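Residue numbers (my numbering), protein chains in the order written: chain P, 1 to 310; chain U, 1 to 105; chain X, 1 to 120; chain L, 1 to 105; chain C, 1 to 511.
These notes are about the structure you will find just below.
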Amino acid sequence: MSMAPAVDAGLALLILGLGLWIIAARSNFAAVVGFMTYGLMLALVWVRLTAVDVAMTEAALGAGLTGVLLLGAAARLPAEAPGGGPGAGLRVLVAVLCVGVAAALAGVVLSLPEPAPSLAPLVAENLPPTGVKNPVTGVLLAHRAIDTLLETVVLIPALIGVWALAADRAWGARPGALTPRPSSSSLTLLAQVLPPFGILVGVHLVWAGADEPGGKFQGAAVLAAMWVLVVMAGLADLPKVTNRLMRYTLVLGPLVFVAIGLAGIWTAGAFLALPAGYAKPLIVLIEVVLTLSVALMLGLLLAGPPKERA
Amino acid sequence: MSLALDLFTIMSVALGALFFLAGTVGLLRFPDTLTRLHALTKADNLGLGLIVLGLLPQVGSVVAGLGLIAVWLLALLAGATVGQLLAGAVPPSESRQSHREGSRP
Amino acid sequence: MSGTTLFGLCGAALVGLGLYGLICHPGVLRKILAFNLIGSGVFLLFGVIAKRGGGALAAAGAGVDGDPVPQALVITGLVVAFAATAIAVALLLRLVELGGRDTLEDEAPRRAPPPPGRRS
Amino acid sequence: MTEFLLAAAVFVLGTVALGLVRILRGPTNADRMLAAQLLGTGGVAALLLLGVATGTSALAEVGLLLALLAAFASVAFVSGATSGGHTTSGGQAARGGEEPGRDAG
Amino acid sequence: MSPAWLADVLALGGDLLVVPLMLPVGGLLLGLVLGGRHLARVALALMVLGLAAALAVAAAVLQAGAPLHYELGGWSAPLGVGLKADGLSAVLLLISALVVLAVGIYAQRPFGVAPGTAETRSSLAFWMLLLGVWAGLNTVALGQDLFTLFVALELLTFSAVPLVALDGRAETLTAALRYLLFALLGSVLYLLGAVLFYGTFGTLDIALLATAIRGADPLPPALLAAASLMTVGLLAKTALFPLHLWLPPAHAGAPPAASAVLSALVVKGSFFLIVRIWFDLMPMLLTTTAAQILGALGVAAILYGGLLALRQARLKLLVAYSTLAQLGYLFLVFPLAAASEAAGSVDVLTGGMLQLVSHALAKAGMFLAAGLIAASLGQDQISALGGIARAMPITVLAFGLGGLALVGLEPSGAYLAKSLLDGPAAAGGQWWWGLAMSVGGLLTAAYLIRVFYHALAGFQLPPSLKRRPARYQELIALALALGALLLGLLPTELLGLVEIGRTGVELGGLR
């Protein structure tokens, strides 16, 4: 008997059970911890789906940073979810509707065409001009570069939206959602030992991302996590929201990306096109600067709006 | 040679898996947070260590092996520190305080 | 049934589950969690479609089998979902800080929050 | 060997599932976090087993990421739980009295 | 316009499309670095450039008589991502640039930073978010790839939601949170539809998908699921009845400059995508009951929004409910296009886009005017408006002209739109759509009369104003409202802009 189906079935059961728990739990905190475990299991599912790049992103962003964000929220909210909500009748109605949606989707999944349509051959054919060997990186930075550019740009209004929730007089203060813990030797130790390790992993992910699984988003998420860790241990302060250097770093990545893209109009005939022969170094350059900006943005999104310290 | 290595892998991984089981049983059966904590940090680190050890002969390259060892070391470091932190976060009265839920008294 | 199809069905179920939570759960934090659940279900469908469409790259020896386009889209989508969660959490925390409740229900609470230190 | 490693992965996942009961039952949040910590290590172990069994590339990196982020999450928990931000009933943390931004006219 | 100038622009070809795409993005990046006092001025300068770019694109499209295409990065679909500017895109680009510029001028005072003062929270946030909304809209107008459009929708959402909560009061935070949850649900449903398209046809490019769908027989079940999921998701973002719950508190609670953009433009972005999906992607589905359902929901929105607007005590809430009703008109496009012959369906779409533009101008003007009134009185209870018409004649005139434009008096854009829509309704024997439009017009007139009844009462005793509005702000509101009222005078060649890139054949040919 082959074990692979058992692995898949076990993972599927775990995921569904955890999903049910996240919805059904009474305690907010229990639901969030369930969500983090859920993210971890999802990373395993992505490995099973041979999408290692996604597994890394899920582990770092989906489970890690999102989990920490929600954990912080749960710690500041009442322990139990508020009561109320729709009445029993309506709940049944909604449940029926949701089962219907799920069943319809399941039907669609089962009826997907065979053989499956795929752009994989096209990507494989068009990967050599980009100079990179990781097809996911090729798609993100060459074939669909506009999505990646817009996505880093999307983070800017998101960050502004978070900052805008400050009190007027707190403008110019430091972000206040991360609460530095009163010094504790073990935490300080961890915050000193873990980041060098994490930074190494993050840099390696970015560097290797051109040819192997990994890339800027995964690397940036790790770097952001290490930064936040150091802040939580009280070893470093967050920059004030008006800090110039921070603002320059935030826009550096997208700005370089746009500049290279615009240069492409003259050097390679189209916006976001990369001149032949220079594609790989330019992609690596974009990856590196984007990593810096994205890591900073992710960390700041986690750090919340500026707040005056009491 | 290969057979011996395979045997080594099987033994080591199986033992590691058993440690995980032990850790889980401890997590479920031990009476309070602190004893659970102590049982757990040992069990899961040993479990992961044994599994990594068992996997070493199965990976092709030295680099990959070093990577596995790095994972274990990292988990060890994190587990130890976090265990200590969690222990600090559990005031003796915590088990009688709020945040509780479910059927256990 | 192949594992891939199984995960596809799993994704469909997660969407349904999350939808229920998003509509029915009164707590905002739980609505945010439910949204993330739907999101992961959708991403899982992307993954299933990527896996189904794989093969050609493996044949070309690229080391990854699976359609890289949906995989790239999921990575983009995960970052966007994180940003969405960050805004929602920040809004919620600010609302509670200003004395609001962690729910969007208009009427007064039907069930009083349990007093601290007592089991509900 | 592949089958054995996969079987071991299933076994470890099984213990993980068992450990979930602790997240469900609590009773304290520290217990839940402890369970999550065990699940994290178990998840890493299962990942390594799966990866070696199927010859996944960049396996150690995924493992490292998981271990790093698990440690990070635990620290975040401890910080949140002990920094006084933990409230047990609604609105008590509200400070109120913040002046609203000016209404643009 | 000089031919030489036009020739230069046309020579740019597709590269021209990069300008509206990247101008607001560049503004976002520069703005974050500049911050402080310069931001308001730089943003305004970019908005002037943006209007010029939108005009250039429209001129190029008109001149060419065909859509402009562009392949980003030189990669052609399905691997790459394309841009396209057809008549519809040009209209959305133009109206976005126009309203954003008007609001940008208006907001110089409330969101400017006085010399010598450091950067303030509300000013940085407002200008950055306004640029974000603009970037999202321009990407929605030009995008040809379902996933790129998803990112554009998120750009729009992430910029629009914080605008609602800009004043930081608990009520507006609640409104923003509710809006965000609706919008996120909408996005994720849209994305779900997109993945089903990819799984079935292996591409996300709208044109390639349309071809593949046309050739598919029978239609795969995934297609229906994807179409409904995407439509429902976008309806939640557009706030079509019954998914409208979030809109009134959000639009009424935001600062007026933000409300104007939210009501005039943001909800239109998602509507625009619904039009793209139904008219470009799968026109053959338009003849089915789905179009009738959309139309029926539109009618429900017209009646419900109108009735509730009539019952509001606050001016800004009244304007917000009026937006609900006016959005309903847009959805009559679907059943009417289905009911008309190929040539007529183009007319219907022209009418729909005209209604979109007319409402955008009128509603922006009305929200700005209502905001000025609220700021001057310190509150916006309709019953307490007595004498305001004497104290602030220009503002009240702007509000009134905007209202007349909504009612659809000649020569307003709405009048022309309704006559374009009425023809097919009558010809197709579907008189009830016309009836709904008339009843909606009556309701609109009723709630406006109620406002004027109060505003004109007590003409002898004008209220004491807490602060006087700046004259230029009043004039901006007036200009927007006048624009809506005089839209019907546009030369017919310009109306033909909407038809460019639209053959009508797809629709007619398949029935």
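We put the beta carbon where it would ideally sit given N, CA and C, even for glycine.
Quantities reported herein were computed from a predicted structural model and do not represent experimental measurements.
- Residue contact check for L250(P) against chain C: a CB pair falls below 8 Å.
- Exclusion of the five residues before and after T157(C) leaves A183 as the residues of its chain whose Cβ lies within less than 6 Å of its Cβ.
- Contact note: F126(C) does not reach chain X at a C-beta cutoff of 7 Å; the least C-beta distance is about 16 Å.
- Counting only residues of its own chain and dropping the five nearest sequence neighbours on each side, K84(C) has a CB closer than 6 Å to the CB of P67, H69, Q144.
- For the C-beta of L478(C), not a single chain P residue is nearer than 7 Å; the gap to the nearest is close to 30 Å.
- The Cβ-Cβ distance between D44(U) and M1(L) does not fall below 8 Å.
- L44(X) is the residue among G99(X), L44(X), L22(X), L33(X) whose C-alpha sits nearest the C-alpha of A12(P).
- As DSSP reads the structure, L190(P) sits in no beta bridge.
- The Cβ neighbour count for S263(C), taken over all protein chains shown within 10 Å, is at least 16; the residue is labelled buried.
- If you compare the alpha carbons of A175(C), A436(C), S270(C), L286(C) with that of R94(X), the shortest gap goes to A175(C).
- H69(C): member of the beta strand (DSSP E) spanning 68–71, first to last residue.
- Counting other Cβ atoms within 10 Å of its Cβ, M11(U) stays below 16 and is therefore classed as exposed.
- In terms of CA proximity to S122(C), G35(C) leads the group G35(C), L62(C), E493(C), A54(C).
- Here R76(P) is buried, its C-beta having at least 16 other C-beta atoms within 10 Å.
- The segment 276–284 of chain C makes no contact with the segment 165–172 of chain C; the number of CB pairs closer than 8 Å stays below 3.
- Sequence-distant Cβ neighbours of T137(P) in its own chain, meaning closer than 6 Å and more than five residues away, are G209, A210, G215.
- Of all residues in the segment 7–20 of chain X, those with a C-beta nearer than 7 Å to a C-beta of chain P are F7, G8, L9, C10, A12, A13, L14, V15, G16, L17, L19, Y20, reading in chain order.
- Using a 10 angstroms sphere on the CB of K466(C), the tally of other CB atoms stays under 16, which defines it as exposed.
- Going by DSSP, A85(C) is part of the beta strand (DSSP E) stretching over 82–85.
- Against chain L, the CB of F20(U) has a partner CB under 8 Å away; the residue lies at that interface.
- The C-alpha of V266(C) lies about 32 Å from the C-alpha of A391(C).
- Below 8 Å, too few C-beta pairs join the segment 215–230 of chain P and the segment 256–264 of chain P to call them touching: fewer than three.
- Contact note: R29(U) does not reach chain L at a C-beta cutoff of 8 Å; the least C-beta distance is about 10 Å.
- Rounded to whole angstroms, the gap between the alpha carbons of K31(X) and L22(X) is 5 Å.
- The C-beta of Q192(P) has fewer than 16 other C-beta atoms within 10 Å across all chains shown, which makes the residue exposed.
- When C-beta atoms of the segment 40–47 of chain C are compared with those of the segment 16–32 of chain C, three or more pairs fall below 8 Å, so the two segments count as touching.
- Under the three-state reduction of DSSP output, E80(P) falls in the strand class.
- Neighbours of M1(L) in chain P, taken as residues at a C-beta separation under 9 Å, are lacking, since the least C-beta distance is about 11 Å.
- Within the same chain, and ignoring the five residues on either side of P115(C) in sequence, the residues whose Cβ sits closer than 8 Å to its Cβ are R37.
- The beta carbon of A135(C) sits closer than 8 Å to some beta carbon of chain P.
- Only exposed fits G269(P), as fewer than 16 other CB atoms lie within 10 angstroms of its CB.
- Nearest C-alpha to F111(C) among K268(C), R41(C), G441(C): R41(C).
- Assignment of R174(P) by DSSP, reduced to helix, strand and coil, places it in the coil class.
- Per DSSP, the beta bridge partners of Q381(C) are R314(C).
- The Cβ atoms of E499(C) and V348(C) lie no closer than 8 Å to each other.
- Residues of the segment 165–180 of chain C with a C-beta less than 7 Å from any C-beta of chain X: A165, A170, L173, T174, A176, L177, R178, L180, listed in chain order.
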